[in-house]
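Input: a single structure, listed below in structure tokens.
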Amino acid sequence: MRTPHVVVVMGVAGTGKTTIGPLLAARLGVPYAEGDDFHPEANIAKMSAGIPLQDTDRWPWLDAIGRWAAGRAGLGGVVSSSALKRSYRDRLRAVAPGIVFVHLTGDRRLIEDRMSHRRGHFMPTALLDSQFATLQPLESDEAGVAVEVSGSPEEIADRAVRALDALPDTLQ
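Each residue of the sequence shown is one higher than the one before, counting from 57 in the numbering used here.
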């Protein structure tokens, strides 16, 4: 029997982390935590004003997500986090070494279109370019999978489950 994954659903804004994360968690039978809920108010204020966060803004946020993930080790869980840079993922792994990433990937036009239809979210589409400029995709030595975001949320979540199931047992 496989130990449940602790999964970080990552990607640029608008890829569907908040939509896919809960669907993936339900399919895996584990709890979901919304990564945005770990942001300090100062970070939300900056992003709402269209100001990109600096690494120093992100460290406490990443540490909080990492602590949640570490607390779910052996139990499984899904949490969202942009985790755009390798250094951010390394920071998460420093706190929660067994985490696995699901990188939601997609065409910039599709993502921008989805962002333009969101209501009540603090991340403006104006920051999408900075997100893509910052993005460092998963590297071959990182535990994780890339999942394309075309199609329905259910199709994307199903692709994510299949990709996670295909990971080697050494990542369990």
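Glycine included, each C-beta is placed from N, C-alpha and C at the ideal position. None of the values given here were measured: they were computed from a predicted structure.
At least 7 Å separates the beta-carbon of V135 from that of A199. Counting along the chain, the unbroken beta strand (DSSP E) around S136 starts and ends at 133–136. Restricting attention to T71, G72, Y88, the CA atom closest to the CA of V63 is found in Y88.
A distance below 7 Å between beta-carbons, with the five flanking residues on each side excluded, links R83 to the following residues of its chain, in chain order: A213, V217. Minimum Cα-Cα distance from E211 among the listed residues V68, H61, L79 corresponds to L79. Our two residues, G132 and H159, have alpha carbons roughly 18 Å apart in a direct line. The Cβ neighbour count for W115, taken over all protein chains shown within 10 Å, is under 16; the residue is labelled exposed. Nearest C-alpha to D197 among P224, V205, D119, S186: P224. Taken in chain order, the complete alpha helix (DSSP H) segments of 4 or more residues contained in the stretch 92–124 are 97–104. Less than 7 Å separates the beta-carbon of A219 from that of V201. In this structure, DSSP gives T71 a state outside helix and strand, which the three-state scheme calls coil. By the neighbour-count criterion, in which 16 or more other beta carbons inside 10 Å mark a residue as buried, A81 falls on the buried side. If you look at V158, you'll find it in the beta strand (DSSP E) that goes 156–161. Checking the DSSP bridge columns, you'll see A202 partnered with H159. In the three-state reduction of the DSSP assignment, V86 falls in the coil class. Around the CB of Q110, fewer than 16 other CB atoms lie within 10 Å, so the residue is classed as exposed. Counting the other CB atoms within 10 Å of its CB gives A98 a total below 16, which places it among the exposed residues.
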